[in-house]
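Asks: The structure under discussion is supplied below as structure tokens; questions concerning it will follow.
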Amino acid sequence: MDPVENADLRDLPRPETASEVAATFGRPVFTFVDQPRLDLTQPSTVGHDHVLDEVALNYVFVADPSDPDAPSNLVENVAEIDGHLADALAAGQPGWFVAGLRAFRYPMLWEAVVTMVAPDDPAPPAEPVSVAEHLARHLNHVLINTAEGRSARPDGAAPVLDAPVTDRHAQSGALLVVDGVEREAVLIDTDPDLVGWGAEIDDSIVLVVLARDLVPLVDRRLTSLAT
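Residue 677 is where the sequence shown starts when you use the working numbering, and the numbers rise one by one after that.
Listed below in structure tokens is the structure:
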């Protein structure tokens, strides 16, 4: 995280919230049902020609929501983050930036729920086609960005995972509950760090990725995000 002493963000536009992004997506964006351990934060998006193709939702995870500031809930480098937070408050930085810093005090479920446009036409040969392929690609993406010690950059090249997952690891017969309806899903449960589920919902593909140790603690039911 970069220091904020010399950064003045007050002239920048406020980033769109997840609900605001969902309102422009043209189809439902799915999120976890409300639950005390999770707090939705700033989303990630992928698009082309000013058209959204993918919305990925990030969540703050609070293991014990009855005492959010308990040390057991916070990340190891919380003291460093609190220093940046104090600097931002002293500098009068905008509320959205301060809220983002506060979110970093807790573990993050990074791109835990993804809603993407299911392709209408045959994709280029290098692009994923099936739900299982999309799920495997996203699992590897999350591993590269969150799993410490799992990837390397040989000679500064693109990150390489020690043991990437593939669509061959996907198992059929899983279920995702979406807006109260059980949907057939694929499951990838072979990685030591992450578990993933994927399903096709109407004209969208929905992916869920969780750290293995958090699977028992997160209600995986999904609902359409209010806009």
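Note that CB positions come from ideal geometry on N, CA and C, so glycine has one too.
Going by beta carbon distance, what residues of the same chain come within less than 7 angstroms of Val680, once the five residues before and after it are set aside?
Replies: Legend: pLDDT at Val680 = 47, less than 50; position of this residue unreliable, value from coordinates given subsequently. Cβ neighbours of Val680 beyond the five flanking positions: His760, Asp763, Ala764, Ala767, Gln769.
Asks: Based on Cα-Cα distance, which residue from Leu893, Trp786, Thr791, Ser827 lies nearest to Val736?
Replies: If you compare the alpha carbons of Leu893, Trp786, Thr791, Ser827 with that of Val736, the shortest gap goes to Trp786.
Asks: Alpha carbon to alpha carbon, how far is Arg813 from Ile877? Give it in angstroms, no decimals.
Replies: 19 angstroms
Asks: Please classify Arg781 as buried or exposed, where buried requires at least 16 other C-beta atoms within 10 Å of its C-beta.
Replies: buried
Asks: Can you name, in chain order, every residue of its own chain whose Cβ lies under 6 angstroms from the Cβ of Pro835, other than the five neighbours on each side?
Replies: Ile820, Ser827, Arg829
Asks: What's the C-alpha gap between Pro741 and Asp831?
Replies: For Pro741 and Asp831, the distance between alpha carbons rounds to 43 angstroms.
Asks: Using the three-state DSSP reduction, which class does Ala834 fall into: helix, strand or coil?
Replies: coil
Asks: Going by the CB atoms, is the gap between Leu901 and Val705 shorter than 9 angstroms?
Replies: For Val705 and Leu901, yes; Cβs fall inside 9 angstroms.
Asks: Identify whether Gly859 lies in helix, strand or coil by the three-state DSSP scheme.
Replies: Correcting the residue identity first, residue 859 is Arg in this sequence and not Gly. Arg859: strand per DSSP, three-state reduction.
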